[in-house]
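What follows is a set of notes on a single structure, which appears directly below.
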Amino acid sequence: MKQFDLLQTPLHDVNLIEASAGTGKTFTLAGLYLRLILEHQLNVDQILVVTYTRAATQELRDRLRKKLSDERKLIISEQSGRTQDLKRLDLAIQSFDEAAIYTIHSFCQQVLKDFAFESGSPFEMDLIGDDRELLLAVTDDFWRKNVVQSDSEFSAYLLAKKQTPETLLQSIRSLVAKPYLQIQDLPEVDVESVTEALNNAFWNASQNWQKESEQITAFLLGGGLSKTSYKPEKVDILLQLLAFIFNESACPSAWDELLDLATLEKAETSLKKGAELPELRFWSAMDTLKQRYQDLENVRAMQLQQLRLQLLAFIREQLPQQKMQQQVQSYDDLLINLSQALQGPQGEWLVTRLREQFKAALIDEFQDTDPVQYDNFRRVFAASGLPVFFVGDPKQAIYSFRGADIFTYLKAKQDAVATYTLGKNWRSHISLVAAVNRLFMQTAAPFIYEQIPFVEVDASRNGEPALQVDEGEQAALQFSYVESDKPLNIEAMRQTAVEVTTNEIARLLNLAAQNKARLFDEDTKLTRPLTGGDIAVLVPSHAQAELIQQALRRRGINSVQQGRENVFASKQAADLSCLMLALAQPDHHQRLSTVLAGPLFQYSADDLYAIQQDELRWNALMDQLQLLQQRWQQSGFMAMFRALLQHDNGLQRLLEQADGERQLTNYLHLAELIQAESARQNNHIESVNQWFARQQEASATEDETAQLRLESDAALVKIMTIHSSKGLEYPIVFCPFNWTARSFKNKTDIVEFHDPNNQHQPSVALAEPLLSEAQIVAEQEQQAESLRLLYVALTRARERCVIVWGNVRDVQKSALYQLLHGENSEGMREDLQRLSASSDGTISMTDYQPQAPVIYQVAQSETTGYQARSFNGEIHKPWRIGSFSLLSRGHVSEQPDYDAESVTVEIEVVIQRNSKDRFGFERGRQAGNFLHKCLENIEFDSADATQINQTVTRLLPQFGLDLQWTEVVTNWLLAVLQTPLSAESGIRLCDLPASQRINEMAFYFPVAGLNMTALKTALQQTDKDSIWQKLAADLHFHELTGFMKGFIDLVFEHDGRFYVADYKSNHLGSESSQYQDEALQNAMLSHGYPLQYLIYSLALHRHLKQRLPDYDPEVHFGGVYYLFLRGMQPEWSQTGVFYDRLDRILLEAVDQLMAGVR
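Read left to right, the sequence shown gives residues 1 to 1158 (UniProt numbering).
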């Protein structure tokens, strides 16, 4: 490979650049981007830039924009003669929002959308992160068609193998989105002939048993066999078993291992010295029978493999159809659909259009490609002559578990017209670069495959270290060696590695507190004390991260975990699952106990037992749970959960725990996800619980929305998996667990591998002998990836890398062992000493010495503590959409006013209302919503008790209310409809046909400069004892310009007049007198309802002015009814009915105010 020259490399054809860690990959891409704009005079929308994650896309976008901006500044300040270049840069910067910078998936999505007709794709398809539920649905369909109806013996075999639709799907899940796989053909099996042979062998063995059973029994009991295998009690059971099975007409469904004692092979190898085996046909008959059982097992296993392949074919056929019907697609679908479009009838036309659209392409992180991705790029750009640069590093190809394929990268490298390498490391100190070079150059093929060489890189930095530590070892690459004559067990080594790592971190931070550990900051050009944020600990798994974090916590050091783990797999997800199950059944004692014992309530066993013995306290807790359930149903999960955290200092209790911040982050993250699903499910608790359980089961899948969030971005020690660390860098990196070996991930019945005999074609082995051969190849591939993972870990460090090493069980299987101790190893310690001695001081080895925990001594900060001033003023926007809620209570939005009673659901003991009548009916917004919805759905003039009952029965569960209220509410609403609204006219709601009323009439009308002073003045012009005088005294709002918005419960016409009616479910008391005269007026004023009906009346007034040619408010405007439903009963006359009719002067005065006329 040639060294890449950013300024001289030709900009044409397909090129591949291998960029080792820290060699300026992004800088190179930015330079190429700039050249394409200036030299090829391309616009930003003509240069396709692709990378593999959203975060990387945003970072690349920022870097490219900065490169253009820096070049423009350079021209203006130093190179004023480049006028054409300046124009090109100005255009590029101004139009940079149109830059074609995509993730690989968003690129495919954009092409499919832009060329929907040609690609055969729908115009609108929702993108789903996880298609597991669809896959399960298709698998269930397959199971019903192919397994349920299969023969009973095969069904029994599947049952014995614990096969379910889920396990069957899991076995082939990784194959579904890989249409390029070469899958091994399976031979046809003849179950009938194998079964017949088994039956014959059983009949033969049975016949011989009948003839020779006495001799067999005598020999087995005679002591001629080793009692190690033939213990007397086992022999007794064996004889009983033989007598039992050979007394049956049909052979058993499976071979019992105890029957091995009756075979010729076992008996001959267990004979005592001098003993002879009787020459009986039975022994060989049993050998034959065992073999026939094995034959049947092999056939059944082959049937299972065939079933898996049938499922794979079924999914590949049915899943796209299901997705098309539901108008959804997954990330894998985007790649496959584009591939199919490029290969389809319009493929050549599509390629031509894409080449016209994109005149160049820069593909980042190309080592993470796969066959489908590369084939798409190859079809579009190969042999086009257009400048295409694939940039990646095969040494950092570590994402095979996501489908990345290193052999596809190597094929692309072979296909490229030119290949280059970046030879200078700009990140790490010269000593660390030399140490990594020395380590990986110990062997000719450090990454196993010759096509992935380790190319030595130079360091661009000088010898001056940015890290200065006054005490201790100074080498850039440090090994802490744990000496042991015999291999340590894994647990002992794990604890030692944690101790070494966390003690050294504490030591460094203690030195930093004394200004003895310092770091030169490139940004500020100043030297500062080392902080926890400068240190990263890289681990293979999340479980190991937990160990490190706990040990740091014991030493007084705060840390933060970073990674791609799924929040549904966390302990907090299990806690919330228990909570939601309890909320589904608040009277379930065991579920409540589980929640109370958890971290959200933290009751001890003694406390819990004491409460359970106290019926009053226990019932109070159940009432709390009932209130939480209602809060969820009324306001959503998040509102309920935040109320729970605020109750009884729950939030403070949680944060007081050692990992409280991590727990709270997970809880709130989960609460957001649950809230979103709860809103989709209309707060139906059972449906949300089922969804949550499915998410927990699928927590192994990758979904960006469910990835663990960072609990803090403070300067804390970072702990992360090596996979998560890729692309990051830290001054100091610790690798405590590089002695561990990755276990082989593939099951023995299905193995994915790259066939070395077929140009490394991605393949799948299902049966012997290929299965065993594939297993060896797959293990080698995994070992190669482990070596690449090691390279990623070691190259995250800028100044220092610390490794814990030692003689531990299975260490020889680890990647680092392959580098340090080859075939000519002199011993682990000796190899390390030799490496250190030959490294010119860049590598060191120190012997581990047991040490007590080093406690971090927090330095006293000399920085002045600042606190933000409190802002007590108000900021209002003159132009806005106003409403009654805004003018009366400052609420920004207006919703249908279903119950103006101010309802705050507090978590406290509920006083049970025993009266099963309208006064005892549920209160609050949800109850108000329910009553309004009933009145909206009832035909007033034709409704009878039966029709009302049907409506009530249907709506009660929708609002989370008990069906026991059905009869009460039915009779109540019937009474409301029949109550006369006026003593004079006798009009009732039941007298109003649908043609004379409008439910929930929404309105908007313009408002120009309405202010509080002017409205007060208008109201004060009314009679001194009117309700408007009292309202004026309580008015307070900012000036409003914009629109007034609202919803009127009911507008109706009677005898040529039009009325406003509003339903109120407020509970004013349990006596009819509390819904009359002064009590009603007090309720109206306390809630500001006169202002509400003033706005409603004005809305109707303006509406009628537009609709009635001869409109006169004195003639046509009938007034306002406020119907307090709990007080309405025909026998009580107008109880519960508030009526008012605005006079013309006030109505027109307010109308003028709203119009801006003073």
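No residue lacks a Cβ here, since even glycine has one placed at the ideal position from N, Cα and C. All values reported here derive from a predicted model rather than from experimental measurement.
Cut-off 6 Å between Cβ atoms - residues of its own chain near residue i, not counting five sequence neighbours on either side
{"i": "Q1129", "result": "A975"}
{"i": "N619", "result": "none"}
{"i": "residue 1192", "result": "An answer regarding residue 1192 cannot be provided, because it is not within the stretch 1 to 1158 covered by the chain."}
{"i": "D295", "result": "V194"}
Close beta carbons around residue i, own chain, < 7 Å, minus the five adjacent residues each side
{"i": "D131", "result": "S330"}
{"i": "V498", "result": "L547, I548, A551, P736"}
{"i": "I881", "result": "G1042, F1043, K1045"}
{"i": "R528", "result": "R518, L519, D521"}
Through-space distance from residue j to residue i, alpha-carbon basis
{"i": "V235", "j": "S226", "result": "11 Å"}
{"i": "Q626", "j": "K1064", "result": "25 Å"}
{"i": "residue 1207", "j": "D364", "result": "Because the chain in this structure spans residues 1 to 1158, residue 1207 falls outside the shown range and cannot be described."}
{"i": "T1157", "j": "G1042", "result": "According to the sequence provided, residue 1157 is Val. The question's Thr does not apply to it. Roughly 15 Å separates the two Cα atoms."}
{"i": "N425", "j": "I172", "result": "42 Å"}
{"i": "A382", "j": "V858", "result": "60 Å"}
{"i": "residue 1200", "j": "E672", "result": "Summary: the structure shown does not reach residue 1200, with the chain confined to residues 1 through 1158, and so no result is reported for it."}
{"i": "Q357", "j": "L654", "result": "55 Å"}
{"i": "V854", "j": "R494", "result": "18 Å"}
{"i": "N949", "j": "Q109", "result": "51 Å"}
{"i": "L158", "j": "E265", "result": "30 Å"}
{"i": "S725", "j": "N515", "result": "28 Å"}
{"i": "L1147", "j": "Q1076", "result": "26 Å"}
{"i": "L335", "j": "G822", "result": "42 Å"}
{"i": "A506", "j": "R798", "result": "20 Å"}
{"i": "L432", "j": "L668", "result": "41 Å"}
{"i": "D485", "j": "F219", "result": "51 Å"}
{"i": "M1154", "j": "A1008", "result": "6 Å"}
{"i": "F692", "j": "R954", "result": "27 Å"}
{"i": "Q695", "j": "V148", "result": "27 Å"}
{"i": "T1013", "j": "K113", "result": "56 Å"}
Same chain only: Cβ atoms within 8 Å of residue i, ignoring 5 sequence neighbours per side
{"i": "S1029", "result": "A small fix is needed here, since residue 1029 is Gln in this sequence, not Ser. Within the same chain, Q1029 has close Cβ partners L1019, Q1020, T1022, D1023."}
{"i": "F1058", "result": "V1051, F1052, L1100, L1104, H1116, F1117, G1118"}
{"i": "M302", "result": "L186, P187, V189, A767"}
{"i": "V1150", "result": "L1015, A1018, L1094, L1098"}
{"i": "R72", "result": "L86, L89, D90, I93"}
{"i": "T263", "result": "W283, M286, D287, K290"}
Rounded Cβ spacing between residue i and residue j (contact assumed at less than 8 Å)
{"i": "Y420", "j": "I803", "result": "Contact doesn't hold; Cβ gap of about 32 Å is too wide."}
{"i": "S559", "j": "L716", "result": "5 Å"}
{"i": "G806", "j": "Y409", "result": "Between Y409 and G806 the Cβ distance is about 35 Å, and since that is not below 8 Å, they are no contact."}
{"i": "G650", "j": "L600", "result": "6 Å"}
{"i": "L789", "j": "I490", "result": "Wrong, their Cβ atoms sit about 19 Å apart, outside the cutoff."}
{"i": "A765", "j": "D810", "result": "No, A765 and D810 are not in contact; Cβ-Cβ is about 25 Å, not under 8 Å."}
{"i": "F919", "j": "F959", "result": "At roughly 19 Å, the Cβ-Cβ gap does not stay under 8 Å, so F919 and F959 are not in contact."}
Per DSSP, the bridge partner or partners of residue i
{"i": "A536", "result": "K718, V733"}
{"i": "F1005", "result": "M1044"}
{"i": "Q561", "result": "I719"}
{"i": "L1050", "result": "N999, A1061"}
{"i": "A361", "result": "L48, V388"}
{"i": "K424", "result": "D458"}
{"i": "S577", "result": "Its beta-bridge partners do not exist; DSSP assigns none."}
{"i": "K2", "result": "Y420"}
Interface flag, residue i vs chain C, CB-CB below 8 Å
{"i": "S80", "result": "The structure shown has no chain C; it contains just one protein chain."}
Point to revise | At least three beta-carbon pairs within less than 8 Å, the region 442-449 to the region 816-831 | key: yes
Check your understanding: Counting Cβ pairs closer than 8 Å, one from the region 754-764 and one from the region 571-584, do we hit at least three?
Key -> no
Review point. Does the region 125-139 touch the region 81-90, meaning 3 or more C-beta pairs lie closer than 8 Å?
Key: no
Review point. Can we say the region 271-289 touches the region 718-736, given the rule of at least three CB pairs closer than 8 Å?
Key: no
Review point. Three or more beta-carbon pairs under 8 Å between the region 91-101 and the region 659-669, yes or no?
Key: These segments do not touch.
Point to revise | Stretch-stretch touch, CB-based, cutoff 8 Å, three pairs: the region 972-988 with the region 1080-1092 | key: no
Review point. Taking one C-beta from the region 401-418 and one from the region 32-51 each time, how about it: are there three or more such pairs within less than 8 Å?
Key: Fewer than three pairs of CB atoms, one per stretch, sit closer than 8 Å, so the region 401-418 makes no contact with the region 32-51.
Check your understanding: If we count Cβ pairs, one from each stretch, closer than 8 Å, do we get three or more for the region 23-36 versus the region 56-70?
Key -> Yes, since at least three Cβ pairs between the region 23-36 and the region 56-70 fall closer than 8 Å, the two stretches touch.
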